[in-house]
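Structure first, commentary second.
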Amino acid sequence: MSRKRVLLLTVAVLLSVSAVLAIAVLLIGRFGSTEGRILGTTALLGASGLVALPGVTLLDKERARWLALAGVAAAAFASMLGLVAIWSPSSSDTLGQTVGSAAVVAVAFSQFCVLTARRAVGDPASVRRLFAASCATGALVAILGVTLIWTHPHGTLAPRVLGAIVVLDLLLVVLQPILARARPDVVVHRFEVVLASGERVVTSVKSGDVASAAARAIRSVERERGSVVELDIKREAIDTLSDDNPEPTRSERVGGTARH
6 MSRKRVLLLT
16 VAVLLSVSAV
26 LAIAVLLIGR
36 FGSTEGRILG
46 TTALLGASGL
56 VALPGVTLLD
66 KERARWLALA
76 GVAAAAFASM
86 LGLVAIWSPS
96 SSDTLGQTVG
106 SAAVVAVAFS
116 QFCVLTARRA
126 VGDPASVRRL
136 FAASCATGAL
146 VAILGVTLIW
156 THPHGTLAPR
166 VLGAIVVLDL
176 LLVVLQPILA
186 RARPDVVVHR
196 FEVVLASGER
206 VVTSVKSGDV
216 ASAAARAIRS
226 VERERGSVVE
236 LDIKREAIDT
246 LSDDNPEPTR
256 SERVGGTARH
């Protein structure tokens, strides 16, 4: 069982327990400090699992390992501080500010992990630029959020600016999968190329149309193996470029002699 599946099942159990406790409290009518702490603990652990999920997904995909570990560690650290705050016999402003800061940083890392896990080789340039911009706005939101938590500035200007950057950040995050899905279809074209020496080479090229794919195939084979005298289309559009199939152009020798 993958780590992602284990975490998802754990989050589902914790959220279910939270819901059952909340329903029981509402029906029974008794809600003391202990019940509140238990309910807060299960809800906190469930939320922490959701925040850590993108990092676990990256670990399962074996991509950006350092970022994935940082995301999971940030979520675990924020969860630990939250548990201390929930079960501490006395409240403290410093502890509350620390918990808030850790939560903001954990959410920021979760965003970075989500966007990194979504990235694909076939992303257009606009999506790549949006990714960079969203990472910058996410980091800026985290920095400003932590600063506001600890400084308590007077007036409404700082919260308004933070709110505006949050909205911009959300927009940049949402646009990436939309524009990535809206890109023109890029399909795999398969050709058999005959060299001047008589050698036959089968090559696969990803392109939006047959003409450009054929030109790329000829250039690629001539650069690696020599002059091309004939090209046949083996199969067109055998696959659509997707996040799960980001393979590059490839060639293989099939042997044989040229046709006359």
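The sequence shown begins at 6 in the numbering used here and counts up by one. For glycine and all other residues, C-beta sits at the position ideal for the given N, C-alpha and C.
Rounded to the nearest angstrom, what separates residue i and residue j at their Cα positions?
i	j	result
Val270	Val193	The question about residue 270 has no answer, for the chain in this structure spans 6 to 265.
Ala79	Ile183	28 Å
Arg70	Leu55	18 Å
Leu26	Leu49	13 Å
Ser247	Gly127	Because Ser247 sits at a pLDDT of 44, beneath the cut-off of 50, its placement in the model cannot be relied upon, and the point is left open.
Thr152	Ala83	17 Å
Pro158	Val172	21 Å
Ala138	Ala122	16 Å
Thr161	Leu145	18 Å
Trp92	Gly45	10 Å
Glu235	Leu64	46 Å
Val132	Ser96	45 Å
Val18	Ile43	14 Å
Asp244	Arg195	In this prediction, Asp244 scores a pLDDT of 45, lower than 50, which makes its location untrustworthy; the coordinate-derived value is nonetheless stated afterwards. Cα to Cα, Asp244 sits roughly 10 Å from Arg195.
Ile33	Leu20	20 Å
Ala220	Pro129	21 Å
Val271	Asp214	This structure does not reach residue 271, given that the chain is present from 6 up to 265, and the question cannot be answered.
Ala24	Val30	10 Å
Arg228	Lys239	21 Å
Ala113	Gly168	15 Å
Glu67	Arg10	15 Å
Gln181	Ala163	28 Å
Ala222	Ala108	51 Å
Gly41	Ile28	13 Å
Do residue i and residue j have their CB atoms nearer than 8 Å?
i	j	result
Leu120	Val178	yes
Ala185	Gly231	no
Ser106	Ile154	yes
Leu58	Leu12	yes
Considering only C-alpha positions, which residue in the set the options is nearest to residue i?
i	options	result
Gly101	Gly87, Ile43, Thr208	Gly87
Gly60	Phe136, Ser97, Gly105, Ser115	Ser115
Leu14	Ile43, Gly41, Ala52, Val30	Ala52
Thr208	Arg224, Gly76, Val18, Ser202	Arg224
Arg165	Leu74, Gly150, Trp155	Gly150
Val110	Arg228, Ala222, Cys140	Cys140
How many whole angstroms separate the CB atoms of residue i and residue j, which I take to be in contact at a CB cut-off of 8 Å?
i	j	result
Val22	Thr39	No, Val22 and Thr39 are not in contact; Cβ-Cβ is about 15 Å, not under 8 Å.
Gly237	Glu197	For the record, residue 237 in the displayed sequence is Asp; it is not Gly. Indeed, because the Cβ distance is near 5 Å, the residues count as touching under 8 Å.
Ala218	Val210	4 Å
Phe117	Leu72	6 Å
Val104	Ala90	5 Å
Gly143	Asp174	6 Å
At a threshold of 7 Å, does residue i count as lining the ligand ATP (C-beta to nearest heavy atom)?
i	result
Leu184	This structure lacks the ligand ATP; in fact it carries no ligand of any kind.
Can you list the alpha helix (DSSP H) stretches of 4 or more residues lying completely in the stretch 136 to 220, in chain order? Runs of the alpha helix (DSSP H) spanning 4 or more residues and lying entirely within the stretch 136 to 220 occur at 162 to 186, in chain order.
Entirely enclosed beta strand (DSSP E) segments - the stretch 17 to 90, minimum 3 residues: Scanning the stretch 17 to 90 from its first residue to its last, no whole beta strand (DSSP E) run of 3-plus residues comes out.
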